[in-house]
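Numbering (UniProt numbering), first residue to last: 1 to 310. C-beta atoms are modelled at their ideal positions from N, C-alpha and C, and glycine is treated no differently. Notes to accompany the following structure.
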């Protein structure tokens, strides 16, 4: 039905509109000059560290594709895979619907390297699951060692519940790894076989995946002012909550949603400094990668057109 095609985009636009309204209400009394002053107050050293954190995050995202290709047993040029992964996430992070938009980009790229549609589907599924697995693993650790992180959003202590949820999340990850050790049979979906990742693949998922989230959170951590900074582990927890809600909202680039949730999680800090750090995050994690990614897409399409015309 036609309405299904527009349902999630409408939800995303509504989430952006509502979040921007909340954001304007939250930041009333703060001028653009205040925000600019907050950005200008970030020391050059922290700008460099934030930029390096973005590089680490995107390098880890490239690892997602390498893991998936290793799982399906396909060899593709390291440079091609890295550029494809970078472009996929640079574009999908900005437009939302990362699974679907990423699938289109990956299919267009990897089809030129001999991968079938089914193989690209498995690759996309492995990349998506690696992100989910990494989020559950890292989220479980945060809740286990910093259960009071939930208090920042609920306004009431729920340490016991947070600890229990964190422990349960780590149990899920352990169960997944244990299933790999058991070498379970492939899952049959019609004529389609989904093979359980081997233990070395799982190890790579649990090693490389969390590094991306750690790097992304570090961008904000280094850009935050020192005064009132709760420390990296708390910033990581707030980032994961904000990032997850932003993804669930289907808002393009989680615009507004991410900022509102993050400001709520760090309500004890100066909102000007937090907003400045979030703008730095959008610059290094979204805007600059998008511009580079669009350049890569144009170059790729031009090269494919030249091959077709020759």
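Asked                                                                                                                                                               : Found
Pick out the complete alpha helix (DSSP H) segments inside the segment 131-173, 4 residues or longer, and give them in chain order.                                 : 151-154
Report the rounded CA-to-CA distance for residue 72 versus residue 41, giving the unit in angstroms.                                                                : 48 Å
Which of the three DSSP states is assigned to residue 42 in this structure?                                                                                         : coil
Using C-beta distances below 8 Å, list every residue in its chain close to residue 216, excluding the 5 sequence neighbours before and after it, in chain order.    : 53, 54, 57, 239, 243, 281, 285
Round the Cβ separation of residue 237 and residue 171 to the nearest angstrom and send it over; I've been treating them as touching at under 8 Å.                  : About 19 Å; that fails the 8 Å criterion.
Which first and last residues belong to the alpha helix (DSSP H) in which residue 215 is found?                                                                     : 199-223
Should the segment 207-227 be regarded as contacting the segment 131-140, the criterion being three or more beta carbon pairs within less than 8 Å?                 : yes
In this structure, does DSSP put residue 271 in helix, strand or coil?                                                                                              : helix
Kindly provide the ranges of any alpha helix (DSSP H) runs that are 4 or more residues long and lie completely inside the segment 224-265, ordered along the chain. : 232-249, 257-265
In whole angstroms, what is the alpha-carbon distance linking residue 268 and residue 301?                                                                          : 48 Å
Would you mind stating whether residue 147 and residue 162 have Cβ atoms separated by less than 9 Å?                                                                : yes
Any Cβ of chain C within less than 9 Å of the Cβ of residue 123?                                                                                                    : Protein chains in the displayed structure number just one, and chain C is not present.
Beta carbon of residue 81, beta carbon of residue 65: below 9 Å?                                                                                                    : yes
What does a CB cutoff of less than 6 Å around residue 143 pick up in its chain, not counting 5 residues either side in sequence?                                    : 162, 165, 166
Where does the unbroken alpha helix (DSSP H) through residue 95 begin, and where does it stop?                                                                      : 78-95
Can you have a look at residue 157 and say buried or exposed, based on whether 16 or more other CB atoms are within 10 angstroms of its CB?                         : exposed
Pick from 224, 114, 259: whose alpha carbon is nearest that of residue 69?                                                                                          : 114
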